[in-house]
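Here's the structure we're looking at; comments come further down.
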Amino acid sequence: MTAPADLASSRDTLAGAALVHAACPHDCPDTCAIRVTVQGGRVVKLQGDPDHPPTHGALCTKVSRYMERIEHPDRVLTPLKRIGPKGRGEFAPVGWDEALDDIAARLRAIAACDAQAIAPYSYAGTMGFVQGEAMAGRFWNRLGASRLHRSICAEAGATGLELTYGATVGMHLEHFAESRLILIWGSNPITSSVHFWTFAQEAKRRGAKLIAIDPRRSETAEKCHQHLALRPGSDGALALGLMHELIVHDWLDPDYLERWVEGWPQLRERALQWPPQRAAAVCGLTVDEIQGLARDYGRTAPAAIRLNYGMQRVRGGGNAVRLIALLPCLVGAWRHRAGGLLLSASGWNKPLRNAQLQRPDLLAGRRPRSVNMANIGDTLLAEAGAPELGGGPRIEALVVYNSNPVAIAPDSARVAAGFAREDLFTVVLEHFRTDTADHADYVLPATMQLEHRDVHASYGHTWLLTNQPALPPRGLARSNAQIFRDLAARMGFDEPCFRDDDETLARQAFTDAVDAGALERDGWVKLAVPEAPFASGGFSTASGRARACGPDLPLPDFVPNHECAEADPALAARLPLAMISPPARHFLNSTFVNIASLQATEREPALELHPEDAAARGIADGDWVRVFNDRGDHLCLARVGHRARPGVVNGLGVWWRKLGRDGHNVNQLTHQKLTDLGEAPCFYDCLVEVQRAQAPAGAAA
Ligand SMILES: Nc1nc2c(c(=O)[nH]1)N[C@H]1C(S)=C(S)[C@@H](COP(=O)(O)OP(=O)(O)OC[C@H]3O[C@@H](n4cnc5c(=O)[nH]c(N)nc54)[C@H](O)[C@@H]3O)O[C@H]1N2
Ligand SMILES: Nc1nc2c(c(=O)[nH]1)N[C@H]1C(S)=C(S)[C@@H](COP(=O)(O)OP(=O)(O)OC[C@H]3O[C@@H](n4cnc5c(=O)[nH]c(N)nc54)[C@H](O)[C@@H]3O)O[C@H]1N2
Ligand code: SF4
Ligand SMILES: [Mo]
């Protein structure tokens, strides 16, 4: 492989300017290829790669302003040591040696008793394999620290998909352009996957019908031909109601079902118990809406479903995904390359050696307990022996990287209380002083994507990407992998794999099936994935058939929310509104909230209400409101209008707590209960009440 520096210089374009291939690191299904032009040590141009089919030359608003993030005046550029109480964010700069020596000494002392008292907390702040878990994973495995169940986003849906298809696999992104009908289900691509939206618009221009299935009249829903605003958490009932109609009208592909679906007779029996009247009552839709959707889906080919993780952040999210993933099997949609379903494409990344990269052999037979990132609040506050701790020791040290749990994990009051424990030793690798960094004993400055080496795969498309460094690290920043290497050396981990540099890690990430030369030359390579992968079975299950049920697998069913009238009528009487908290368009989870231009566009934490619900509470558009439940409250700016359906409020996330007027964000309201499958959080399964509030000091009334 050519070293990036040589490669850059060999691709000189303008006088003294070099073209560098980068990849967007963020947790977004689009994984864009970026072209960076560097001249005189400065980035003079940053653009989407016009040759990369999904990116087609365009970056989203957030990342096209990437330099604002890199050059941000608030960036952490030196190691910081806490000098004030936890959570206050009072730090003094220290040298790397002092910080690393002290951290290693603290971790060694804890590990001498039980290394499981140390835990990582990380997610997809960067999706890169090098700066993700490559060196970090080696470090944790060698140490024998607690393992982390990385459930915060997708585990319910991914588990549902794996049970049905055998892996997290689906349609090619670009084939949506040829679909005749696209159901955009639990997804708001104009916000969260804008490159998918480009293909959907192409299909629309060619005459396809687009239908959004979403409680919120999202930016996407309002641009579709039809919008079905169902109740949060009712998707499983909708899928069963659709199946009922497909069966009774005989809009099925019996040959496909017979050959390629295990458990169809049982599923058929269950679906026949869901006439559209029953589904309509659960979903808060009309019978006509369900029948019309079934007619469209049963009679249009090729029909495609863009399912996304928005619909699985509820108690029944896993079962709902299992049911929806079976719909394309009922109508034989998989026979065509523009039919089928896409929730995630990550399972196609077969040439990826992510697991080996983390060297599980370093565990040497040890089997540390696992802690769940979804209920980190309870986990940090639990006493030794508690179920959250797998019966093991309390967490005494936490190392956070690529994540901002104090803002993004549910039930923030408990999370913040856990992070405020004086006896907890916390290290945070970050770019900024996030809510989490404010609780750290040490904050370590991490490089940003243009300053380090990485390689990427995508969960929304089927290309691999490279990320060559374009700039030297700012200040004293070091890459995550470098920081874990440095810590490993101080811990006395002397296995040779702890000396692999970032370039070596990038090379180790893929098997020889990947043309590394082409990847570095072009910035990306396409994975070898069949055009219409399940046209005749070929699912990743043992039998090659999709699975509705089997001896080891119960039939999927509708599972109501933890918090709803059906499950808890008394609670629903007291807290009559369901709150969902999908992303604000100009933020990416809690990333970009501190970018002035993007924050100015979003203005304040917003709560969208339907006019009826607002009127019933004397709330007008632009009023300040207090949204509350038994877990806490949060001050938001009311946006009264068409985006919310009756009975549902939308609290757009995810703001930094300290940038909210009351020092809270929407996760003050969410709870730590888990999904039916995958033990994931239920962000969109949450009951609240709302009342008018005084405008906070300094805020426009
Ligand atoms: N701009 C931006 N882009 C992002 C992100 C971001 O924060 N900001 N986040 C990134 C990440 S981490 C992820 S996982 C992906 C997420 O990508 P998506 O899964 O597409 O997530 P959202 O955009 O949140 O879309 C979810 C939609 O689901 C709807 N929804 C909520 N509850 C339900 C329900 O019960 N049923 C149905 N049918 N719909 C429901 C919401 O109203 C919302 O419009 O996006 C990524 N892209
Ligand atoms: N209420 C509510 N809560 C939610 C959601 C929701 O829809 N509603 N969405 C959930 C979902 S889908 C997800 S995926 C999670 C996401 O939660 P997180 O994975 O925590 O994502 P971010 O909030 O974007 O925080 C990522 C952090 O990583 C840092 N980072 C980025 N790159 C690097 C790097 O190279 N090195 C280091 N050291 N740090 C880096 C960024 O500065 C940022 O602070 O949030 C979840 N929380
Ligand atoms: S956040 Fe998504 S759309 Fe924006 S540049 Fe990154 S991958 Fe592309
Ligand atoms: Mo996510």
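Numbering that gives the first Met the number 0 numbers the first residue of the sequence shown as 0 and each following residue consecutively. C-beta atoms are modelled at their ideal positions from N, C-alpha and C, and glycine is treated no differently.
Counting along the chain, where does the alpha helix (DSSP H) carrying residue i start and finish?
i: residue 291; result: 286-298
i: residue 203; result: 193-204
i: residue 65; result: 65-69
i: residue 161; result: 154-164
i: residue 33; result: Element bounds for residue 33: not the alpha helix (DSSP H) but the beta strand (DSSP E), 32-38.
i: residue 276; result: 275-282
Tell me the DSSP secondary structure of residue i in three-state form.
i: residue 523; result: strand
i: residue 380; result: helix
i: residue 397; result: strand
i: residue 491; result: coil
i: residue 695; result: coil
i: residue 258; result: helix
i: residue 357; result: coil
i: residue 17; result: strand
i: residue 418; result: helix
i: residue 431; result: coil
i: residue 3; result: Residue placement at residue 3 is flagged as unreliable, the pLDDT there being 41, under the threshold of 50; the coordinate-derived value follows with that caveat. Helix, per DSSP.
i: residue 591; result: coil
i: residue 441; result: strand
i: residue 41; result: strand
i: residue 676; result: coil
i: residue 731; result: Outside the displayed range of the chain (0 to 700) lies residue 731, so it cannot be described from this structure.
i: residue 480; result: helix
i: residue 413; result: helix
i: residue 665; result: helix
i: residue 175; result: helix
i: residue 233; result: coil
i: residue 424; result: strand
i: residue 659; result: coil
i: residue 126; result: coil
Please list, in chain order, all residues of the same chain as residue i whose beta carbon is under 7 angstroms from its beta carbon, the five residues on each side excluded.
i: residue 682; result: 312, 409, 580 and 669
i: residue 458; result: 28, 343, 344 and 345
i: residue 209; result: 181, 183, 199, 203, 223 and 224
i: residue 259; result: 328, 536, 544 and 545
i: residue 704; result: The requested residue 704 is not part of the displayed model; the chain covers only 0 to 700.
i: residue 60; result: 585
Apart from the five residues on each side of it in sequence, which residues of its chain come closer than 8 angstroms, Cβ to Cβ, to residue i?
i: residue 619; result: 613, 637 and 639
i: residue 48; result: 20, 31, 32, 33, 34, 54, 56, 522 and 523
i: residue 401; result: 121, 122, 123, 124, 125, 130, 131, 428 and 479
If I measure Cβ to Cβ from residue i and keep anything under 6 angstroms in the same chain, skipping five residues before and after, which residues do I get?
i: residue 46; result: 34
i: residue 666; result: 409 and 411
i: residue 433; result: 403
i: residue 261; result: 544, 546 and 549
i: residue 273; result: 239, 240 and 243
i: residue 269; result: 554
i: residue 490; result: 103
i: residue 574; result: 628, 686, 687 and 688
Does the distance from the C-beta atom of residue i to that of residue j stay below 8 angstroms?
i: residue 119; j: residue 79; result: no
i: residue 344; j: residue 169; result: yes
i: residue 241; j: residue 293; result: yes
i: residue 508; j: residue 691; result: no
i: residue 25; j: residue 590; result: yes
i: residue 16; j: residue 465; result: no
i: residue 299; j: residue 180; result: yes
i: residue 684; j: residue 609; result: no
i: residue 626; j: residue 75; result: no
i: residue 731; j: residue 251; result: The structure shown does not extend to residue 731, since the chain is modelled only from 0 to 700, so the question has no answer here.
i: residue 301; j: residue 248; result: no
i: residue 315; j: residue 156; result: no
i: residue 367; j: residue 145; result: yes
i: residue 347; j: residue 528; result: yes
i: residue 678; j: residue 381; result: no
Between which two residues does the beta strand (DSSP E) carrying residue i extend?
i: residue 462; result: 462-466
i: residue 607; result: 605-608
Can a CB atom of chain D be found closer than 8 angstroms to the CB of residue i?
i: residue 86; result: Protein chains in the displayed structure number just one, and chain D is not present.
- request: Identify every run of the beta strand (DSSP E) within the stretch 66-123, keeping only runs that are complete inside it and at least 3 residues long; order them along the chain.
  value: 79-81, 90-92 and 117-121
- request: Give, in chain order, every unbroken run of the alpha helix (DSSP H) that is at least 4 residues long and sits entirely within the stretch 501-548.
  value: 501-507 and 515-521
- prompt: Which runs of the alpha helix (DSSP H), 4 residues or longer, sit entirely within the stretch 312-365?
  reply: 316-329 and 353-356
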